[in-house]
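Okay, structure first, notes after.
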Ligand SMILES: NC(=O)c1ccc[n+]([C@@H]2O[C@H](COP(=O)([O-])OP(=O)(O)OC[C@H]3O[C@@H](n4cnc5c(N)ncnc54)[C@H](OP(=O)(O)O)[C@@H]3O)[C@@H](O)[C@H]2O)c1
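Numbering (full-length UniProt numbering), first residue to last: 1 to 323.
This is the structure:
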């Protein structure tokens, strides 16, 4: 198992394990020119998958990525799938478009938003909870039969963040009192805590089927994500770094990772998809290409919270997800 945490470029992971991707079908959310998912798609193409299903809110978002892939790997098929994660009916509609896809070897949920001003999704959820987490809950539920059809060594990978280490699910006020108690950073932390805990329970449920299930902290990646950050956010991060380590909800300290490019940001996702040394650790949280469950605070490791979150997600989305 990879214990040693290291920030690596995607190329390094692909050189080691990329053969496992040849001929595979991969669905990736959040693809755009400057996103981690966009870079992930380009990187995966180098390993000759059969089909990359690239999802975004508009075809124009993936056009540049498709062009980059086609220019170097014309044999790799790409397919745009329109999916707005802030609207569960759009998620369901997108899944219906995939009737001709018999199996999905890797379902990679990368899309997300960070620190937007308060707003609600079409279904009335606080936007970060809705887009970063609840939409993934529904997407995974609806596509699980196709992942199962791909057999053992298929994967479900959910992007998360080191902000989960300062986040928890506010079960008593998950929607922030309709915005009255909204703090964008607390809500981002909550959505990432939910992502990590969902994966914990899902991994446990799918372990016997040998489906790889991981949540991923990609590090601090220069991407399109910073667009919603309040002005001066990057200076603020620099100040936090100068002030010393961050503190998690248990009082343990951790460092803010150094800024990297998207190749480094995508590498831990690729580790989650194919690194054979971590197969037995379904449900784990990965950071810097290694199992990092020791970084999770008590609230995230509490199995009663995993159950509470699962039940709450079923209630909010109206999707019963029995496994
Ligand atoms: N960058 C980092 O330092 C960092 C650190 C920790 C975790 N993460 C996580 O990594 C993931 C990817 O972030 P990134 O850095 O690649 O940011 P990004 O460049 O902003 O990419 C996010 C992608 O998600 C898409 N997206 C946003 N809202 C959507 C919606 N309602 N429906 C469908 N797609 C939507 C965006 O599409 P549009 O262009 O249409 O908005 C974009 O393609 C996020 O989940 C984030 O929480 C990033």
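No residue lacks a Cβ here, since even glycine has one placed at the ideal position from N, Cα and C.
Enclosing beta strand (DSSP E) for residue i [first to last residue]
i: residue 158; result: 155-159
i: residue 77; result: 77-82
i: residue 287; result: 285-287
i: residue 107; result: 106-109
i: residue 279; result: First-last for residue 279: undefined, no H or E at that position.
i: residue 26; result: 25-29
Distance CB(residue i)-CB(residue j) smaller than 8 Å
i: residue 75; j: residue 132; result: no
i: residue 11; j: residue 263; result: yes
i: residue 274; j: residue 17; result: yes
i: residue 305; j: residue 6; result: no
i: residue 204; j: residue 283; result: yes
i: residue 313; j: residue 137; result: yes
i: residue 53; j: residue 85; result: no
i: residue 105; j: residue 150; result: yes
i: residue 79; j: residue 154; result: no
i: residue 246; j: residue 166; result: yes
i: residue 108; j: residue 160; result: no
i: residue 219; j: residue 251; result: no
i: residue 387; j: residue 321; result: With the chain covering 1 to 323 only, the question about residue 387 has no answer from this structure.
i: residue 297; j: residue 249; result: yes
i: residue 89; j: residue 224; result: no
i: residue 156; j: residue 198; result: no
Alpha helix (DSSP H) segment containing residue i, residue limits
i: residue 53; result: First-last for residue 53: 51-56, but that is the beta strand (DSSP E), not the alpha helix (DSSP H).
i: residue 133; result: Residue 133 -> no alpha helix (DSSP H), and no H or E assigned at all.
i: residue 214; result: No alpha helix (DSSP H) holds residue 214; the beta strand (DSSP E) holding it covers 212-217.
i: residue 268; result: 262-274
i: residue 305; result: 303-317
i: residue 9; result: No alpha helix (DSSP H) holds residue 9; DSSP gives it neither H nor E.
i: residue 71; result: 59-72
i: residue 256; result: Here residue 256 belongs to no alpha helix (DSSP H), and DSSP marks it neither H nor E.
i: residue 206; result: 184-206
i: residue 236; result: 233-243
i: residue 44; result: 36-45
i: residue 179; result: Here residue 179 belongs to no alpha helix (DSSP H), and DSSP marks it neither H nor E.
i: residue 92; result: 88-96
Cβ-based neighbour list, residue i, same chain, cut-off 6 Å, excluding 5 preceding and 5 following
i: residue 229; result: 115
i: residue 162; result: 217
i: residue 175; result: 126
i: residue 51; result: 25, 77
i: residue 20; result: 274
i: residue 57; result: 84
i: residue 188; result: 114, 115, 128, 163
i: residue 146; result: 103, 104
i: residue 210; result: 152
i: residue 94; result: 81, 83
i: residue 29; result: 55, 109, 110, 111
i: residue 253; result: 245, 247
i: residue 64; result: 33
Pick from the options that is closest to residue i, judged by C-alpha positions
i: residue 31; options: 308, 61, 11; result: 61
i: residue 183; options: 127, 211, 36; result: 127
i: residue 179; options: 92, 121, 93; result: 121
i: residue 49; options: 55, 41, 139; result: 41
i: residue 241; options: 256, 252, 309; result: 256
i: residue 8; options: 144, 259, 297; result: 259
i: residue 310; options: 13, 202, 65; result: 202
i: residue 123; options: 99, 318, 323; result: 318
i: residue 169; options: 237, 239, 300; result: 300
i: residue 13; options: 307, 237, 276; result: 276
i: residue 148; options: 206, 96, 243, 99; result: 206
i: residue 47; options: 70, 23, 59; result: 23
i: residue 87; options: 316, 296, 320, 281; result: 316
i: residue 143; options: 39, 72, 96; result: 96
i: residue 130; options: 237, 280, 71, 194; result: 194
i: residue 281; options: 208, 98, 38, 303; result: 208
Residues near residue i in its chain [Cβ-Cβ closer than 8 Å; skip 5 each side]
i: residue 286; result: 214, 215, 216, 217, 268, 271, 272, 278, 292
i: residue 233; result: 115, 226
i: residue 59; result: 80, 82
Beta-carbon proximity list for residue i, same chain, < 7 Å, skipping 5 on both sides
i: residue 91; result: 83, 85, 135, 138, 139
i: residue 68; result: 42
i: residue 222; result: 259, 261
i: residue 185; result: 115
Minimum Cβ-Cβ distance from residue i to chain B less than 8 Å
i: residue 322; result: You won't find chain B in this structure, because it holds only one protein chain.
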